[in-house]
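Below is one structure, written out as structure tokens; comments come after it.
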Ligand SMILES: [Zn+2]
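In my numbering, the protein residues as written are -3 to 386.
Now the structure itself:
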């Protein structure tokens, strides 16, 4: 892996994380790949997704470190020309996107620093995409541990302390205490949040912690013997709150209750649904028993059609009832001509698989089973199906 310290492109975001517009000279230009002598674009590095924006009016869709330089991948519109080597170009990063990443990343440092000082766990994996912020810690949190860290992280955010960036070299770097995932060579860039954390890091950070706004833990699972934690900060936390609040309010409105009562109302609805389903099942068993009882006993093929939804179990029980007194094929078809039918066919004297075969040959039915009983689905008119049972 290329050490970010050895990159030859001047990183404007190192000196000024708030630089949005900049000018630079083109060092090399491919079909869609542009290398500049300096850039404000943060490349994909250290688990963080790259900046977006424009250079010379052309959208930048990816930024990568390759061969010791930062490469900007451009989405060149048809008819538009790429800048040429030696040109002076101006560029701008997408500030809303960048600032959101700064909020997430600075929030992550506070969170990981607190986890380290409170529980001694290391952050062994960090991922900051445009959708989520994931941290892997090499330890399992005790009950209430994560909410305690969340509360302390927000207190650190609201204390609004100034973040400090320093470059340490040689003995100074060896003796300083900071968190780091890699063995670093050359000057080490250390991001310090006084009283909370010091961590080797290549990314842009907010000037003061207050700019992070807030931090929420949105998920935690056991992962590889440790814990994978998802957080959201600032704008993303606000967007999550707005979306979830809207969904909850809509749900409360459906249920004609208050937001606070949504869990109880939903549980009540679920219980009612369970008992209604049981009552409906009993009612449909009773109806089907009556229909089966109304058929005369004898040696003939019989079939019943039912428009109401029946469970597979009720269908099988009804067909069993029919085969007790009718010796031919006993079929039950549930559904309608338009949407098709689910069927169960049984017989004590005949082979029900033969009927399944006929239904397949005539109407392309699906399904199968044993000689005593088959089940499946078929798309055909009731009138045509009845012909097979005559
Ligand atoms: Zn970092």
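Quick reminder that beta carbons are idealized off the backbone N, C-alpha and C, glycines included.
Which word fits residue i, buried or exposed, when buried means at least 16 other C-beta atoms lie within 10 angstroms of its C-beta?
i: residue 14; result: exposed
i: residue 160; result: exposed
i: residue 101; result: buried
i: residue 53; result: exposed
i: residue 33; result: exposed
i: residue 390; result: Any question about residue 390 goes unanswered here, given that the chain covers just -3 to 386.
i: residue 116; result: exposed
i: residue 163; result: exposed
i: residue 19; result: exposed
i: residue 173; result: exposed
i: residue 150; result: buried
i: residue 328; result: buried
i: residue 306; result: buried
i: residue 342; result: buried
i: residue 309; result: exposed
So, under 8 Å CB-CB, residue i and residue j are touching, yes? Tell me the CB distance rounded to an integer number of Å.
i: residue 288; j: residue 247; result: That belief does not hold up - the Cβ atoms of residue 288 and residue 247 are roughly 43 Å apart, past 8 Å.
i: residue 50; j: residue 75; result: At roughly 17 Å, the Cβ-Cβ gap does not stay under 8 Å, so residue 50 and residue 75 are not in contact.
i: residue 272; j: residue 261; result: At roughly 16 Å, the Cβ-Cβ gap does not stay under 8 Å, so residue 272 and residue 261 are not in contact.
i: residue 66; j: residue 56; result: Actually they do not touch by this definition, with Cβ atoms about 11 Å apart.
i: residue 374; j: residue 324; result: The pair is not a contact, with the Cβ atoms about 19 Å apart (cut-off 8 Å).
i: residue 97; j: residue 124; result: 6 Å
Is the distance from the Cβ of residue i to the Cβ of residue j below 7 Å?
i: residue 72; j: residue 79; result: no
i: residue 302; j: residue 326; result: no
i: residue 130; j: residue 226; result: yes
i: residue 121; j: residue 211; result: no
i: residue 236; j: residue 228; result: yes
i: residue 230; j: residue 99; result: yes
i: residue 369; j: residue 348; result: yes
According to DSSP, simplified to helix, strand and coil, what is residue i?
i: residue 152; result: helix
i: residue 313; result: helix
i: residue 78; result: coil
i: residue 238; result: helix
i: residue 10; result: helix
i: residue 173; result: coil
i: residue 281; result: helix
i: residue 88; result: strand
i: residue 139; result: coil
i: residue 192; result: coil
i: residue 111; result: helix
i: residue 122; result: strand
i: residue 16; result: coil
Report yes or no: is there a C-beta of chain B within less than 7 Å of the C-beta of residue i?
i: residue 233; result: The structure shown has no chain B; it contains just one protein chain.
Under the criterion of a Cβ to heavy atom distance below 6 Å, does residue i qualify as lining ligand 3?
i: residue 197; result: As far as ligands go, the structure on display features ligand 1 and does not contain ligand 3.
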